[in-house]
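Peer 1: Structure in structure tokens, see below.
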Amino acid sequence: YTYAEVPFFHKLREIFHMKRNNYDKVGHFAQGFIPVLIVREVIIRLRILSPNISKYWLPYICVSVTLSYSAIYELIEWAVAELTGESADAFLGTQGYIWDTQSDMFCCLIGSILSLVLLTNLHDKSLRRVEQMEKKN
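Its first residue numbered 1, the sequence shown is counted upward by one per residue in this note's numbering.
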């Protein structure tokens with residue numbers, strides 16, 4: 001049972017006339033969308049960047065760290081396929097798509113950028129509330 005065999009996405013493939021089961025693309029999008037906010041929060045809370053430059057560098061660093069995790073994940077997938085002797089196509093779920101690894105990372109990139117665009121203001125507001133609560137205690 002691999003990513004390529006997720007039943008719900010077989011139905012979507014039929015409905016939208018797609019050539020492949022894109023379950024893994026949703027996973028890789030989430031791999032960017034969710035962790036980028038965790039990285040952002042760690043950098044802000046630990047004051048890794050000084051406030052006067054964080055406005056410019058924070059998004060870049062957050063996306064870069066998230067993409068590096070995605071690249072590491074892809075390397076681990078490849079290494080496991082090599083070490084176990086499994087067919088890379090079967091294990092990785094590439095479904096014959098030669099750009100699968102690159103498109104996985106692109107989905108992560110889009111997810112992380114979209115997350116920052118949509119959620120930065122909400123995240124900042126939440127962090128300010130936490131900071132105020134910590135000052136009260």
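By construction, the Cβ of each residue, glycine as well, lies at the ideal position given by its N, Cα and C atoms.
As the structure is a computational prediction, the values presented were derived from the model and not from experiment.
Here's the rule: buried if 16 or more other CB atoms are within 10 angstroms of the residue's CB, otherwise exposed. What is Gly85?
Peer 2: Exposed: under 16 other Cβ atoms inside 10 Å.
Peer 1: Which class does Ile44 belong to by DSSP, given the choice of helix, strand or coil?
Peer 2: Of the three classes helix, strand and coil, the one that applies to Ile44 here is helix, per DSSP.
Peer 1: Nearest-angstrom Cα distance between Gln132 and Ile48?
Peer 2: If I take the Cα positions, the gap works out to 20 Å.
Peer 1: Return the first residue and the last residue of the alpha helix (DSSP H) that Asn121 is part of.
Peer 2: Run containing Asn121: Asp100 to Lys136, per the alpha helix (DSSP H) assignment.
Peer 1: Can you look up Gly27 in the DSSP assignment and give me helix, strand or coil?
Peer 2: Of the three classes helix, strand and coil, the one that applies to Gly27 here is helix, per DSSP.
Peer 1: Which of the three DSSP states is assigned to Ser68 in this structure?
Peer 2: If DSSP states are grouped into helix, strand and coil, Ser68 belongs with the helices.
Peer 1: What is the rounded straight-line gap between the Cα of Glu14 and the Cα of Asp104?
Peer 2: Rounded to whole angstroms, Glu14 to Asp104 spans 21 Å at the Cα level.
Peer 1: Which residue from Ile38, Glu134 and Leu118 puts its Cα closest to that of Val65?
Peer 2: When only C-alpha atoms are compared, the closest one is Ile38.
Peer 1: Using a Cβ distance threshold of 8 Å, determine whether the region 63 to 83 contacts the region 24 to 36, with at least three qualifying pairs required.
Peer 2: Enough Cβ pairs lie closer than 8 Å, so yes.
Peer 1: Please work out which residues of its chain come closer than 6 Å, Cβ to Cβ, to Cys107, disregarding the five sequence neighbours upstream and downstream, and give them in chain order.
Peer 2: Once the five neighbours on either side are set aside, the close Cβ partners of Cys107 are Lys25, His28 and Phe29.
Peer 1: Taking buried to mean at least 16 other C-beta atoms within 10 Å of its own C-beta, is Leu116 buried or exposed?
Peer 2: Burial call: buried.
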